[in-house]
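Student:
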Amino acid sequence: MTALPKLAQFSRVVVKVGSSLLVDAAKSAVKQEWLEALVDDLAALHKRGADVLVVSSGAIALGRRVAGLKSGPLKLEDSQAAAAIGQIALARAWSEALHRRQIVSGQVLLTLQDTEERRRYLNARETLARLAAMRAVPVINENDTVATSEIRYGDNDRLAARVAAMASADLLILLSDVAGLYDAPPESDPNAKLIRVVERVTPQIEAMAGGAASETSRGGMRTKIEAARIAAAGGAHMVIADGRLLHPIARVSDGGECSWFLTPSNPVTARKAWIGGTLELKGAVTIDAGAARALANGKSLLPAGVTRIEGAFARGDCIAIRNEQGAEIGRGLVALDALRAEQIRGRNSSEIERILGLPGRAELIHRDDMALAER
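Per this note's numbering: the sequence shown = residues 419 to 793.
1) Nearest to S523 by CA position, among A610, V457, R538, is which residue?
2) Start and end of the alpha helix (DSSP H) containing D532?
3) Return the CA-CA distance between A587 and V724, expressed in angstroms with no decimal places.
4) Tell me whether R430 is buried or exposed, calling it buried when 16 or more other Cβ atoms sit within 10 Å of its Cβ.
5) Exposed or buried, I773, counting other C-beta atoms within 10 Å across all chains shown (16 or more means buried)?
6) Looking at the strands, I want to know which residues DSSP matches up with Y600.
7) Alpha carbon to alpha carbon, how far is I705 from N741? Give it in angstroms, no decimals.
8) Within the chosen definition, does the stretch 463 to 472 reach the stretch 496 to 504 through at least 3 CB pairs nearer than 8 Å?
9) Cβ of E451 within 6 Å of any heavy atom in the ligand GDP?
10) Would the stretch 734 to 753 and the stretch 647 to 664 be scored as touching if the rule is three or more Cβ pairs under 8 Å?
11) For I521, does the three-state DSSP call read helix, strand or coil?
12) Please give the ranges of any alpha helix (DSSP H) in the stretch 678 to 738, keeping only runs that are unbroken, at least 4 residues long and fully inside the region.
13) I'd like to know if the stretch 579 to 597 and the stretch 542 to 560 are in contact, where contact means that at least 3 CB-CB pairs between them fall below 8 Å.
14) Note down, in chain order, each residue of its chain lying with its Cβ closer than 6 Å to the Cβ of K611, except the 5 sequence neighbours on either side.
15) For the beta strand (DSSP E) that contains K434, what are its first and last residues?
16) Contact between the stretch 673 to 693 and the stretch 714 to 722 is defined here as three or more beta-carbon pairs at a separation below 8 Å; is this criterion met?
17) How long is the line joining the alpha carbons of S489 and V441, rounded to whole angstroms?
18) Is it right to say G661 is buried, meaning 16 or more other beta carbons lie within 10 angstroms of its own, or is it exposed?
19) Do you know offhand how far A794's Cα is from R510's?
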């Protein structure tokens, strides 16, 4: 049997919390005891040095009663209004609970376009990276106040998986109202067995997925399997665990029942594979021999080593990196558009702010956004 990973080995963890776990639907109120226990678990991860990100549902569930809306499916405009009201209460609950553990929190609201459109994706990615550097815990939710049925995730399982990939997390924990993936529906089959390890999502694994389990939840096992695919492609392992009990993450750490979905990759290699093999080139830079040696030694590409700029690329586009002989030695996501890159070509990093008139990253292409050709 495949050895199960240990939580202590992960350095950046995304935890997804569903509405049915966090909110008492009958009272339209946060389950405070449960939240405090979960935040104790998150604080333990944070204390040992891990970066923690929370993807939390609950805004609509918290806001619908205040808005005078009855139970059951809501019209789009009612959902948006309930989300606007409930998001304040949701953010306050997380902020206060984390503050009691001396942890700074931040609120990040995303839409589908923020994870699909390149420039918005990069902006969101940089915000999450900066919050991690500050040791703050972002509390992330889909921006239900502006999302429509045509341009939304509709569930936070897949959103959490995209956030994990965006933030280069190495673990995604989906807290659910079941203990994990079963080989049959556990509510109707007493002989259903929990699948402890899934090494690869196959058609057989997909066939085990069912529908949503509760009124306040928009997801189900099927969306969790889709999330596992997204997480694995981004280099993150994923866990489905029972979130109904107190201290659910501590239970996973202690070997409690859950389902692990494994990936053969890691966030860095997965991102580099994506850059190296699946992106359309929008331009190129030619670099001198010194810069080529620096890249081979694991350094980022600085403007000083660039001798030529080609193409009309925008910030975040994938461009080729060529040596003095014109051979492509790698690809990367460029931090500036072609016009600004030309302005600082060949210049020392200390001159960038003076030339461009604003501070920015010293690297034209960061090493984490670069895939070098095999030598």
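Where is the CB? At the ideal position from N, CA and C, for every residue including glycine.
Since the model is a prediction, treat every value here as computed from it, not as a measurement.
Tutor: Once the coordinates are examined:
1) Among A610, V457, R538, the Cα nearest to that of S523 belongs to V457.
2) 530 to 534
3) Between A587 and V724, the C-alpha separation is close to 31 Å.
4) buried
5) exposed
6) L612
7) 5 Å
8) Output reads no: the stretch 496 to 504 does not touch the stretch 463 to 472.
9) Because no ligand of any kind appears in the structure shown, any question about the ligand GDP cannot be addressed here.
10) no
11) coil
12) Listed in chain order, the complete alpha helix (DSSP H) runs (minimum 4 residues) inside the stretch 678 to 738 are 685 to 696, 707 to 714.
13) yes
14) Residues D601 of the same chain have their beta carbon placed closer than 6 Å to that of K611, with the five preceding and five following residues left out of the count.
15) 430 to 435
16) With contact defined as three or more Cβ pairs closer than 8 Å, the stretch 673 to 693 and the stretch 714 to 722 are not in contact.
17) 14 Å
18) buried
19) The structure shown has nothing for residue 794, since the chain only spans 419 to 793.
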